[in-house]
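Right, one structure below, let's go through it.
Numbering (our numbering), first residue to last: 154 to 514.
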């Protein structure tokens, strides 16, 4: 399953790699509200919790419709600016219908229906029903937030902007100064890769979950639903994120410029794709393969040794080992006349984390 982005005929200069203070602020707000999604940043979240006063935290929770379960599309700009203030000024130039639709009807998380067939909740009753039902499922405070936005859009927009500015003053400005260099360096690296090696290399290096399909007409982003959008008339924006992992966000609202926010590769091992996780789960979904894995976890074995240990035929063991190897869970090493198999303990141990990463993506 994936979000497919049509890039047919897109020129190199229509691929934009740039950091966005607004998008990164959205990532930090999500991390503060959903710390369990971001264990790698638990120390940062704990420090920030000490500097956020009760009033600001209460306001962040009251508006968490925009950044808890999913990220509002309006937090992921297709034309990022150099400062948060300039990006928020861009918000102010949007009309109420556009601002509210991109705030309340999101496509970026990839698990919610983007409802491309509805207009803004300000002008269409069906859209109002959709956003109110989604808000009510998240609790009364979310429904109250949505109702306030719909009742008085200018006042609600001003409150949200002030909330983001207060968050910047409280903690984000300092955080941004510390990470902006890394984000700019990563964006520059991707631009250099694009010029030197082409689109497939540049986008494929972002994550195992992003690739150019063999036709070179579509970029595929591994998500939990199949969706389609086009960048042919708008270009395609990539936003690096320090706090984003494990999320890989894609704005794919029809008619809008698509945006991909990808996490920096901050560790030597990157998370794998959902298809690979599924393959590994299938590889362990058999009692014989579990038995073989128990032996291989302790030391290397040949096919014959495994067959003798578990009273199985050699061809049967070979079939099961092939599945385990294809899933990346078993490695093979030739020792003279024999091939010895070993369980990849690191890959196996990561499987639990890979499941979480893939589902949260």
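Ideal Cβ positions, reconstructed from N, Cα and C, are used throughout, including at glycine.
Provide the residue span of the beta strand (DSSP E) that contains residue i, from first to last.
i           : result
residue 416 : 412-416
residue 158 : 155-159
residue 231 : First-last for residue 231: undefined, no H or E at that position.
Residue i by DSSP, collapsed to three states: which one?
i           : result
residue 170 : strand
residue 382 : strand
residue 473 : helix
residue 454 : strand
residue 99  : Lying outside 154 to 514, the shown extent of the chain, residue 99 is not represented and no answer is given.
residue 496 : strand
residue 420 : Residue placement at residue 420 is poorly supported in this model, since its pLDDT is 44, which falls under 50; the coordinates still yield a value, given next. Reduced to three states, the DSSP call for residue 420 is coil.
Where do the ends of the alpha helix (DSSP H) carrying residue i lie?
i           : result
residue 288 : 278-290
residue 331 : 326-350
residue 483 : Unbroken run through residue 483 is the beta strand (DSSP E), 483-488; no alpha helix (DSSP H).
residue 443 : 440-449
residue 435 : 427-436
residue 165 : From DSSP, residue 165 is part of no alpha helix (DSSP H); its letter is neither H nor E.
residue 195 : 195-204
residue 115 : The chain is shown only over 154 to 514; residue 115 falls outside these bounds and no answer can be derived.
residue 250 : 249-257
Rounded to a whole number of angstroms, what is the C-alpha to C-alpha distance between residue i and residue j?
i           : j           : result
residue 299 : residue 479 : 48 Å
residue 443 : residue 473 : 10 Å
residue 397 : residue 339 : 14 Å
residue 449 : residue 494 : 7 Å
residue 232 : residue 452 : 54 Å
residue 258 : residue 166 : 29 Å
residue 163 : residue 385 : 6 Å
residue 229 : residue 310 : 16 Å
residue 273 : residue 350 : 41 Å
residue 596 : residue 186 : This structure cannot settle anything about residue 596, because the visible part of the chain is limited to 154 through 514.
residue 496 : residue 446 : 6 Å
residue 477 : residue 502 : 14 Å
residue 460 : residue 469 : 8 Å
residue 467 : residue 415 : 45 Å
residue 492 : residue 359 : 35 Å
residue 344 : residue 183 : 28 Å
residue 368 : residue 357 : 15 Å
residue 197 : residue 210 : 16 Å
residue 135 : residue 322 : The requested residue 135 is not part of the displayed model; the chain covers only 154 to 514.
residue 387 : residue 260 : 17 Å
residue 301 : residue 317 : 17 Å
residue 353 : residue 463 : 45 Å
residue 169 : residue 348 : 12 Å
residue 224 : residue 403 : 10 Å
residue 207 : residue 238 : 24 Å
residue 103 : residue 481 : Given a span of 154 to 514 for the chain in the structure shown, any question on residue 103 remains unanswerable.
residue 411 : residue 289 : 28 Å
residue 389 : residue 407 : 13 Å
residue 484 : residue 227 : 45 Å
Tell me whether residue i, by its Cβ, gets closer than 7 Å to a heavy atom of the ligand ZN.
i           : result
residue 211 : Ligands are entirely absent from the displayed structure, and the ligand ZN is therefore not among its contents.
Shorter than 8 Å from the beta carbon of residue i to some beta carbon of chain B?
i           : result
residue 356 : Protein chain content of the structure displayed is limited to a single chain, and chain B is not contained in it.
In chain order, which continuous runs of the beta strand (DSSP E) of length 3 or greater are located wholly inside the segment 353-409?
Under the rule that a run must span 3 or more residues, the beta strand (DSSP E) segments found entirely inside the segment 353-409 read 363-365, 371-375, 380-383, 389-394 and 402-404.
Just checking, does the segment 319-339 make contact with the segment 164-180 on the three C-beta pairs under 8 Å criterion?
The way I'd put it, the segment 319-339 does touch the segment 164-180; three or more beta-carbon pairs between them come closer than 8 Å.
Does the count of Cβ pairs from the segment 154-165 and the segment 378-392 closer than 8 Å reach three?
As far as the Cβ criterion goes, the segment 154-165 touches the segment 378-392, which means the pair count is three or higher.
Are the segment 239-255 and the segment 302-318 in contact at 8 Å, needing three or more beta carbon pairs?
Yes, the segment 239-255 is in contact with the segment 302-318.
Given 8 Å as the limit, is there contact between the segment 284-304 and the segment 204-222, that is, 3 or more CB pairs closer than that?
Touching, yes.
At least three beta-carbon pairs within less than 8 Å, the segment 190-205 to the segment 432-446:
Contact fails: fewer than three Cβ-Cβ distances are below 8 Å.
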